[in-house]
């Protein structure tokens, strides 16, 4: 919980004699309050202050490019009817009007009018104390999620009293949806619709609905309009993934239609939460990547030998007993992953042992001379007797690079940098990239090989494999 | 509480019904004076007068902001402390608006403005003299914030000496008239000797006299183009 006293900071700033210093200090306090509510928001501070038309601040959400920018106008809010008049000049931008006085004045008639006007124009009118109230909500809690939704897409007049009731009721609605409690969920739905612009309330309703369905209730019984997108938004998705485990494949599959590795990586997830395993596993054929780099890890001891999805260094990664495989949509994405000194590659014998897919081209090197060995008809060359002879002829030699074909896509494997890259402008599913590339690039143990097979199997096959696992291996369901 | 306002003063303040920038500014209700209301019209509440003054200040702010060369930052009474100075006798006075100019040679320079939303000349000649004394006092107190002083009115006044209103002589005369508050000196001869002509020159060089009209308020850059200018200004300072 963050203790802010933005109204006091603003008062102190206003007492500064120099205009520039005064304005800068006011804006600094306001930016801090907004960024405490939503640490992921990027704030542009303009050089205007209290201008009739130009914004004081511009909010953008770099990790959510689809989220439009939102202007913030700072206003002295001693008279609500004056704010009302001002609103007409700026309402077409659906901004946030941030009152600099400690709180909005208590004048019921004018408040009702301003409330109606600001709600109609999708504008949020609030004040420093109310934003501080939102900032005091723990960011990882449901209240924090509501606060961020309000800054992104809040509307209407939000004083501290309303900030409190809206946050409480919507946050309570999430708990209610989790236990399919109709009355409390409905109340949250109504509050969300009242205080959020349609785009934002859709997202929140999508989240509520996801919780509702996750609780085992029927979507038809959801006490509110069916969310258009059924996408809970980044905040909602992050919350769902970090929240209690929902072991329902269909649930996660339904959420995955607009999922991408970049989106998952931008959610600010920590570690390898169980629901991250579910959401990736259920959508592995939809998620795509063109590059993968495998970084050696210290061998993990004990039961940590299973494959786990995690978010690390801003990338989605699959970690095993002695490695982490980082995925990216381009090679540039994974460039930050350093694998240490360049390897010499793998021996032909090692390659043959690992290979389960046809290798149609490879590059052998003895450190001085390089031989490229390939097939004209894209058949496997790794098992050729001639390859062994060629390797022997070169003396001590290693395979440094190889090319594999899968579903008409060519994967280039670089054993010296532990990198897989897909030679395509298409969107190869993560499942293809890993199924073929990872076992060749890295010496997986038996458990990991099986898990990878389960993980990358088509949906129907995956369930079958989960139903009939080898007795000696961990059951797939226990992996996640 | 109602204050008795001289009729001339109250009636000089513009009433609404004027197009006024077409920005939906709410103006006080205009009522035609009926016989039965004759007595009441002598009494304009402080709050109403305050609202009238505020309306003028806001309209001036919008027009100035719309020029794209002015950022009106402070509006009385919202940020009254930023607009307030002290007379020599310790009493306070404040301007209606304050802010900074943008672009060209005046970029970043600060100004204070007095706004008169009048529909007659009214008592502006008297108030203008007091305003010049205020400018003198403010400049003496805080020259760093007093780059420009603007008198912005909707009706001209003192037409017989219009071209002299922004001269050092006029500033000097105003200071002399208001010598007790401005200089802390009641004696005219002593006050006259105490007035620094360099300061009168400096203040005169900072004076702007702007006459607006209701229709002119609407003759500003249109909203779409204004947004382009603002976007460009934002990029320049980003």
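Protein chains in written order, with the numbering used here: chain A, 9 to 488; chain B, 1077 to 1314. Glycine included, every Cβ here is placed at the ideal spot set by N, Cα and C.
(1) Where does residue 1078 of chain B land, buried or exposed, given buried means 16+ other C-beta within 10 angstroms?
(2) Which of the three DSSP states is assigned to residue 1296 of chain B in this structure?
(3) Evaluate residue 281 of chain A with the Cβ neighbour count: other Cβ atoms within 10 Å of its Cβ, from every protein chain shown; 16 or more gives buried, anything less gives exposed.
(4) Give a yes or no on whether the minimum CB-CB distance between residue 1097 of chain B and chain A is below 7 Å.
(5) Just checking: is the beta-carbon of residue 1286 of chain B within a distance shorter than 7 Å of some beta-carbon in chain A?
(6) Show which residues of chain A have a CB atom less than 7 Å away from the CB atom of residue 1137 of chain B.
(7) To the nearest angstrom, how far is the alpha carbon of residue 145 of chain A from that of residue 29 of chain A?
(8) Going by other Cβ atoms of all chains shown within 10 Å of its Cβ, with 16 needed for buried, is residue 241 of chain A buried or exposed?
(9) Tell me whether the beta-carbon of residue 1156 of chain B lies closer than 7 Å to the beta-carbon of residue 1232 of chain B.
(10) Using 7 Å as the limit for Cβ to Cβ distance, is residue 1308 of chain B near chain A?
(11) State whether the segment 1226-1246 of chain B contacts the segment 1266-1285 of chain B, with contact taken as three or more CB pairs (one from each stretch) at a distance under 8 Å.
(12) Mind checking residue 415 of chain A: buried by the 16 CB within 10 Å criterion, or exposed?
(13) Have a look at residue 1118 of chain B and residue 52 of chain A and give me their C-alpha separation to the nearest angstrom.
(14) Could you pull out every unbroken alpha helix (DSSP H) segment of at least 4 residues lying fully inside the segment 1210-1269 of chain B, listed in chain order?
(15) Given that a residue counts as buried once 16 or more other Cβ atoms are within 10 Å of its Cβ, and exposed if not, what is residue 323 of chain A?
(16) Pull up the DSSP beta-bridge partners for residue 300 of chain A, would you.
(17) Mind listing the chain A neighbours of residue 1221 of chain B? Cutoff is C-beta to C-beta under 9 Å, in chain order.
(18) For residue 223 of chain A, I'd like the list of residues in its chain whose CB is within less than 7 Å of its CB, leaving aside the five on either flank, ordered along the chain.
(19) Report the neighbours of residue 22 of chain A on chain B: residues whose CB is nearer than 8 Å to its CB, in chain order.
(20) According to DSSP, is residue 330 of chain A part of a helix, a strand, or is it coil?
(21) Assuming residue 148 of chain A is part of the beta strand (DSSP E), what are its boundary residues?
(22) For residue 193 of chain A, report the span of its alpha helix (DSSP H) as first-last.
(23) Taking the beta strand (DSSP E) that residue 1168 of chain B belongs to, which residues open and close that run?
(24) Got a sec, what are the start and stop residues for the beta strand (DSSP E) residue 371 of chain A sits in?
(25) Counting contacts by CB-CB distance shorter than 7 Å, is residue 135 of chain A in contact with chain B?
(26) For residue 1176 of chain B, which residues in chain A fall below 8 Å Cβ to Cβ?
(27) At the level of alpha carbons, what is the spacing between residue 95 of chain A and residue 57 of chain A?
(28) Please check if any C-beta of chain A sits within less than 7 Å of the C-beta of residue 1302 of chain B.
(29) Report the rounded CA-to-CA distance for residue 326 of chain A versus residue 18 of chain A, giving the unit in angstroms.
(30) So is residue 1238 of chain B buried or exposed if we call it buried at 16+ other beta carbons inside 10 Å?
(31) Just to confirm before moving on: does the CB-CB distance between residue 195 of chain A and residue 177 of chain A stay below 7 Å?
(32) Tell me the DSSP secondary structure of residue 1155 of chain B in three-state form.
(33) Listing by chain order, which chain B residues have their CB less than 7 Å from the CB of residue 77 of chain A?
(34) Identify the contact partners of residue 56 of chain A in chain B, using a Cβ-Cβ distance below 7 Å as the criterion.
(35) Could you tell me which chain A residues have their CB closer than 7 Å to the CB of residue 1141 of chain B, listed as they occur along the chain?
(36) The alpha helix (DSSP H) that contains residue 182 of chain A, what's its start and end?
Short version:
(1) Note that residue 1078 of chain B scores 37 on pLDDT, short of 50, meaning its location in the model is unreliable and no value can be drawn from it.
(2) coil
(3) buried
(4) Low confidence applies here, because residue 1097 of chain B scores a pLDDT of 37, under 50, leaving its location unreliable; read the following figure in that light. Closer than 7 Å: no.
(5) no
(6) Those within 7 Å of residue 1137 of chain B in chain A are 60.
(7) 30 Å
(8) Counting every other CB atom within 10 Å of its CB across the protein chains shown gives residue 241 of chain A a total of 16 or more, marking it as buried.
(9) No, Cβ-Cβ distance for residue 1156 of chain B and residue 1232 of chain B is not below 7 Å.
(10) no
(11) yes
(12) exposed
(13) At residue 1118 of chain B, the pLDDT of 44 sits below 50, so the modelled position is not reliable and the matter cannot be decided from this model.
(14) 1244-1253 and 1255-1259
(15) Burial of residue 323 of chain A is indicated by the presence of at least 16 other C-beta atoms within 10 angstroms of its C-beta.
(16) A:335 and A:428
(17) 25, 26 and 27
(18) 185, 186, 187 and 188
(19) 1155, 1157 and 1158
(20) coil
(21) Unbroken run through residue 148 of chain A: none, as it is neither H nor E.
(22) 190-203
(23) Per DSSP, residue 1168 of chain B belongs to the beta strand (DSSP E) from 1168-1170.
(24) 367-373
(25) no
(26) 27
(27) Answer to the nearest angstrom: the Cα atoms are 16 Å apart.
(28) yes
(29) 47 Å
(30) Residue 1238 of chain B is exposed by the Cβ-count criterion.
(31) yes
(32) coil
(33) The contacting residues do not exist; residue 77 of chain A stays about 11 Å from chain B at best.
(34) What residue 56 of chain A touches in chain B: 1147.
(35) 59, 60 and 61
(36) 168-186
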